[in-house]
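I have placed the structure first, in the form of structure tokens, so that the comments after it can refer back to it.
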Amino acid sequence: MAVLGGFALLLAGCEGSTAHDGDNPQPVSPAWQELTLPAPPGPPGRLLLRDAVACAGRWYVVGGVADAAGATRPAAWTSGDGTSWSAVPIAADSFYGKQNVLYAVGCRDGVAAVVGAKVGGAHGYPRVSTWRQRDDGALVEVAASFETYGGPTAINVARLAGGPAGWLIVGNRSSGAAAWVSPDAADFVLIEGAPELASDTRGVSWAFDAVAGAGGWLAVGGVLPAGRIDRDPAVWTSADGRSWRRTTLPGSADHEELQRVVLAGDTAVAVGLRGRTFGTWRQSPGGDWVAAGGFGALGAGGVPSVSSLGAAGGRLVAAVSDGARHSLWTSSDLGGSWHEVVPATGLPAGADRDVSVLAVGERWWLAVDDGSRSGFWWAPAGPAPG
2 MAVLGGFALL LAGCEGSTAH DGDNPQPVSP AWQELTLPAP PGPPGRLLLR
52 DAVACAGRWY VVGGVADAAG ATRPAAWTSG DGTSWSAVPI AADSFYGKQN
102 VLYAVGCRDG VAAVVGAKVG GAHGYPRVST WRQRDDGALV EVAASFETYG
152 GPTAINVARL AGGPAGWLIV GNRSSGAAAW VSPDAADFVL IEGAPELASD
202 TRGVSWAFDA VAGAGGWLAV GGVLPAGRID RDPAVWTSAD GRSWRRTTLP
252 GSADHEELQR VVLAGDTAVA VGLRGRTFGT WRQSPGGDWV AAGGFGALGA
302 GGVPSVSSLG AAGGRLVAAV SDGARHSLWT SSDLGGSWHE VVPATGLPAG
352 ADRDVSVLAV GERWWLAVDD GSRSGFWWAP AGPAPG
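Quick look at the structure:
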């Protein structure tokens, strides 16, 4: 058995039963209260909300502003209590950086780092920028060569996590899963084609998300084995973000992949696709990865996804899309069973429609962009469902 801090990797079978939405007819109904995000400096426009994070007593929400003609600029907000919010100053330098929509935010010791992008150029690819937070609180665009996030081998830049070792971004290149590492978010180094992380003779790898643990980094995603058309779930561990170890979890004839991961206390929990439902996987006390409960159902059209996942106070809260609409779900047993959550507003899915959830202590936050307006709410998590 290989152990990396809190992450120990062994293959294991299924644990417990699969609980679907039909098994729990009574949804959880939080008392949502709408919050006000002040208009950022600059011309008026529609707020775009994409991601939220909190750590060390500091909350962040990131996104952008779009004017009536569709032109965008980056925007972010911060709070010291999760209730009263202020706009974060933005210092953009590049042509595309000034048009970024910030879509992924990480937090370390109360300080944020952010990934943003704007589609542009001759080929219409996302032009990615990263952003670090100065001592005065402003988010500053980090200069990087085009090939760091783009270039002929670029596929996507997915998620960002902060931890004791610094910062990690995960995404994908034509060689498979990839990572970017930095001690201070001021300069990220691309880790491309790394053994175990990248694709190899065992299959084509794809990374979706990552989280920091006491002993390093945990990334999640899937592997498409040679000769197959469906992925198997996979996890990767690394002490430094440069050298990785892959473990492919037991799969089936269905498409299975891990799309979001969090630490619920000391337990790593991931949520992703499991055939025609959403599924949960978690690390057992002995270090094995086991398949836990399933929930929801995928629609007939659109692209299903896990949009967001949070954990606090012994509860998980997830936002998922079946391809046509988003829905919210919560679990109080590390993903063994799930209950649907009544949202504060309608949750359509599709292009330019995003839902993000955040859990801190006994409170939840919900950010929704339905493609025409954005809203932001908080609610007490309330008692765990029976």
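For the sequence shown, our numbering assigns the number 2 to the initial residue and increments by one for each residue that follows. Don't be surprised by glycine CBs; every beta carbon is placed ideally from N, CA and C.
Comparing alpha-carbon positions, which option in Ser338, Val318, Ala325 and Gly337 lies nearest Thr331?
Val318
Could you check if Ile192 is buried or exposed, using at least 16 other CB atoms within 10 Å of its CB as the buried criterion?
buried
C-alpha gap between Glu258 and Asp233, whole angstroms:
6 angstroms
In chain order, what residues of the same chain have a beta carbon less than 6 angstroms from the beta carbon of Val129, not counting five sequence neighbours either side?
Ala118, Tyr150 and Val158
Rounded straight-line distance, which links the Cα of Thr238 to that of Ala211:
9 angstroms
In this structure, how does DSSP classify Phe377 when only helix, strand and coil are distinguished?
strand
Helix, strand or coil at Phe189 according to DSSP, with G and I counted as helix:
Phe189: coil per DSSP, three-state reduction.
I need the straight-line Cα distance from Asp201 to Ala208, nearest angstrom please.
Each residue's alpha carbon lies about 14 angstroms from the other.
7 angstroms CB neighbourhood of Gly204 in its chain, flanking five on each side removed
Val224, Leu225, Pro226 and Ala227
Through-space distance from Gly376 to Ala382, alpha-carbon basis:
19 angstroms
Check whether the region 52-63 and the region 360-376 are in contact - that is, three or more C-beta pairs closer than 8 angstroms.
yes
On the DSSP letters alone, give me the boundaries of the alpha helix (DSSP H) that Phe147 sits inside.
Phe147 to Tyr150
Would you please state the rounded distance, in angstroms, between the beta carbons of Gly46 and Val66? I believe it to be under 8 angstroms.
Taking the Cβ atoms as the reference, Gly46 lies roughly 4 angstroms from Val66, within the contact range of under 8 angstroms.
Applying the 10 Å Cβ sphere with the 16-neighbour rule, what's the burial state of Leu10?
Its pLDDT being 39, under 50, Leu10 is placed unreliably by the model, and nothing is read from it.
Run through DSSP, which three-state label would Asn25 get?
With a pLDDT of only 48 at Asn25, under 50, the local geometry of the prediction cannot be trusted, and the value read off the model is given with reservation. Three-state DSSP puts Asn25 in coil, outside helix and strand.
Are the beta-carbon atoms of Gly64 and Leu36 separated by less than 8 angstroms?
no
Quick one: using the 10 Å Cβ neighbour count with 16 as the cut-off for buried, is Gly196 buried or exposed?
The question names Gly, but residue 196 in the sequence shown is Pro. Answer is exposed; the Cβ neighbour count stays below 16.
Could you name the residues of the same chain whose beta carbon sits closer than 7 angstroms to that of Leu348, not counting the 5 residues immediately before and after it, in chain order?
Arg326, His327, Ser328, Val356 and Val369
What is the DSSP secondary structure of Gly314, counted as helix, strand or coil?
It is coil, neither helix nor strand.
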